[in-house]
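All residue numbers for the sequence shown refer to my numbering, where the first residue is 22 and numbers rise by one. Notes follow once the structure below has been shown.
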Amino acid sequence: MTIKSLKARKNDLSSPENQLKFLSNGIFRKGELPTFKEKIAESGKFPLKPKKLEILQINLGYMCNQVCSHCHVDAGPDRKEIMTRETMQECLEVIKNTGAHTLDLTGGAPEMNPNFRWFVEEAAKAGIRDFIVRSNLTIILANKKFHDLPDFFKKHNVHVVSSLPFYKREKTDKQRGSGVFDKSISALQMLNKVGYAQEGTGLKLDLVYNPSGAFLPTNQEAMERDFKVALKEDFDIDFDNLFAITNLPISRFLEYLIASENYEDYMYSLVEAYNPAAVENVMCTNTISISWDGWLYDCDFNQMLGLKVDSKVKHISDYNEDLLNDREIIISQHCYGCTAGAGSSCQGSLS
Numbered sequence: 022m023t024i025k026s027l028k029a030r031k032n033d034l035s036s037p038e039n040q041l042k043f044l045s046n047g048i049f050r051k052g053e054l055p056t057f058k059e060k061i062a063e064s065g066k067f068p069l070k071p072k073k074l075e076i077l078q079i080n081l082g083y084m085c086n087q088v089c090s091h092c093h094v095d096a097g098p099d100r101k102e103i104m105t106r107e108t109m110q111e112c113l114e115v116i117k118n119t120g121a122h123t124l125d126l127t128g129g130a131p132e133m134n135p136n137f138r139w140f141v142e143e144a145a146k147a148g149i150r151d152f153i154v155r156s157n158l159t160i161i162l163a164n165k166k167f168h169d170l171p172d173f174f175k176k177h178n179v180h181v182v183s184s185l186p187f188y189k190r191e192k193t194d195k196q197r198g199s200g201v202f203d204k205s206i207s208a209l210q211m212l213n214k215v216g217y218a219q220e221g222t223g224l225k226l227d228l229v230y231n232p233s234g235a236f237l238p239t240n241q242e243a244m245e246r247d248f249k250v251a252l253k254e255d256f257d258i259d260f261d262n263l264f265a266i267t268n269l270p271i272s273r274f275l276e277y278l279i280a281s282e283n284y285e286d287y288m289y290s291l292v293e294a295y296n297p298a299a300v301e302n303v304m305c306t307n308t309i310s311i312s313w314d315g316w317l318y319d320c321d322f323n324q325m326l327g328l329k330v331d332s333k334v335k336h337i338s339d340y341n342e343d344l345l346n347d348r349e350i351i352i353s354q355h356c357y358g359c360t361a362g363a364g365s366s367c368q369g370s371l372s
């Protein structure tokens, strides 16, 4: 397991520019594989343009209590980037006036932001239809001050989307760290106890699966059935949906691919699995991603590569939905991860 972020280790890949340079060279520079731009142009999908905005995804900071081997955020305890209350206030003004129906809070561990609860309370007043918090689960048990999070989520009707790489201990701990599986199970049981994924409560609890190695996720529906049976039989846990998300070749997962000498094979797999139908619904077409310091991006992955939106409006302080809806979406080779097979987004498979 990685014990520090790329940034803390001063790894070359901690630089978004170096990641983009790596993704643009090698097999793509040599012409062995088509660039993503060339591929979607073949399908008549270039340039990629946004559709109706549905989701505001806000990253509250890169601080996290875990250091997962696949993390595209390069999050960890040593990351100090955190959204201030001032930037949160600017986000709240946008939330009150946006046409988007979903608010999606992410991190790091968003709960570690000292103003997290205040922000949730204020944002809940805006009447967003679907209010998501992406939790790594173990944060609930990390400190006494987090133990009441299930009750807090329930009070504000938060839709909890939780990471659980597998329904077995070995695979989960290999990807996320020793002891993570047992803590995740305890946290899920706590969420069930207050009513999450229980009939008639309306409290939604979804799980997210990321492959633990250099391979693509299998059929999402089949995996959901397996997860539901295993978690119910072994731990009496219920959840609503499973989202299977393809690991994108950026940040710590890119580091893993290079170190394990799987990078080229993985990119070949992504390109060979390219599905033009999945391009229609990739997350960047209906989402705006807002970073901890208020900059705007087409998606969470572009945020981690420093690829700000191609618009006159680049910061939350200047937010203008009409101008943003008229932009072209910025793409690079990592985008193959969202268009492989059934496609992949923060809401799981696209088809």
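We treat Cβ as the ideally placed atom computed from N, Cα and C, and that holds for glycine. Because the structure is a prediction, the values reported are computed rather than measured.
What whole-angstrom Cβ distance do residue i and residue j have, given they're in contact under 8 Å?
| i | j | result |
| --- | --- | --- |
| Asp227 | Asp261 | 5 Å |
| Gly82 | Gly128 | 6 Å |
| Lys101 | Met84 | 7 Å |
| Thr360 | Tyr287 | That belief does not hold up - the Cβ atoms of Thr360 and Tyr287 are roughly 15 Å apart, past 8 Å. |
| Asn164 | Ser184 | About 18 Å separates the two Cβ atoms, so there is no contact after all. |
| Leu69 | Glu342 | About 18 Å separates the two Cβ atoms, so there is no contact after all. |
| Val182 | Ile153 | 6 Å |
| Lys335 | Leu317 | 6 Å |
| Leu162 | Lys204 | 5 Å |
| His91 | Gln196 | 6 Å |
Buried or exposed, going by whether 16 or more other CB atoms sit within 10 Å of the CB of residue i?
| i | result |
| --- | --- |
| Asp125 | buried |
| Gln110 | exposed |
| Lys117 | exposed |
| Ile24 | exposed |
| His168 | exposed |
| Leu344 | exposed |
| Phe236 | exposed |
| Pro131 | buried |
| Gln138 | The sequence as given places Arg at residue 138; Gln does not occur at that position. Exposed, by the Cβ-count rule. |
| Ala243 | exposed |
Could you give the distance in angstroms between the alpha-carbon of residue i and the alpha-carbon of residue j?
| i | j | result |
| --- | --- | --- |
| Asn231 | Pro238 | 7 Å |
| Tyr217 | Arg246 | 18 Å |
| Lys166 | Asp194 | 24 Å |
| Leu371 | Ala299 | Bear in mind that the predicted position of Leu371 carries a pLDDT of just 47, short of 50, making it too unreliable to give a figure here. |
| Thr119 | Ser310 | 13 Å |
| Gln324 | Leu275 | 16 Å |
| Pro171 | Asn213 | 9 Å |
| Tyr277 | Ile76 | 30 Å |
| Asn134 | Leu209 | 21 Å |
| Phe43 | Lys249 | 39 Å |
| Thr308 | Phe322 | 12 Å |
| Gln40 | Cys356 | 13 Å |
| Gln219 | Gly52 | 52 Å |
| Gln354 | Asn32 | 21 Å |
| Asn240 | Ser26 | 31 Å |
| Arg273 | Arg155 | 19 Å |
| Leu54 | Asn46 | 11 Å |
| Pro186 | Arg50 | 34 Å |
| Gly223 | Glu63 | 44 Å |
| Asp255 | Arg190 | 12 Å |
| Arg106 | Gly221 | 35 Å |
| Val88 | Leu74 | 32 Å |
Determine, using beta carbons only, whether residue i and residue j come nearer to each other than 7 Å.
| i | j | result |
| --- | --- | --- |
| Ala29 | Asp99 | yes |
| Arg150 | His122 | yes |
| Phe57 | Ile271 | no |
| Asp347 | Val330 | no |
| Pro71 | Gly327 | no |
| Val229 | Ile279 | no |
| Ser312 | Asn80 | yes |
| Tyr188 | Leu252 | yes |
| Ile337 | Cys112 | yes |
| Lys175 | Val115 | no |
| Ile160 | Asn268 | no |
| Ile48 | Glu293 | no |
So what's residue i in DSSP terms, helix, strand or just coil?
| i | result |
| --- | --- |
| His336 | strand |
| Val154 | strand |
| Gln219 | coil |
| Leu291 | helix |
| Leu371 | Confidence at Leu371 is low in this model, with a pLDDT of 47, below 50, so the placement of that residue should be treated as unreliable; the coordinate-derived value is given next. Leu371 falls in the coil class under three-state DSSP. |
| Tyr397 | Residue 397 lies beyond the residue range present for the chain, which begins at 22 and ends at 372; the question has no answer from this structure. |
| Gly97 | strand |
| Ser90 | coil |
| Phe248 | helix |
| Trp313 | coil |
| His355 | helix |
| Leu228 | strand |
| Ile258 | coil |
| Ala147 | coil |
| Tyr284 | helix |
| Leu326 | coil |
| Met211 | helix |
| Val303 | coil |
State yes or no: is the beta carbon of residue i nearer than 7 Å to at least one beta carbon in chain C?
| i | result |
| --- | --- |
| Phe187 | Any reference to chain C falls outside this structure, which holds one protein chain only. |
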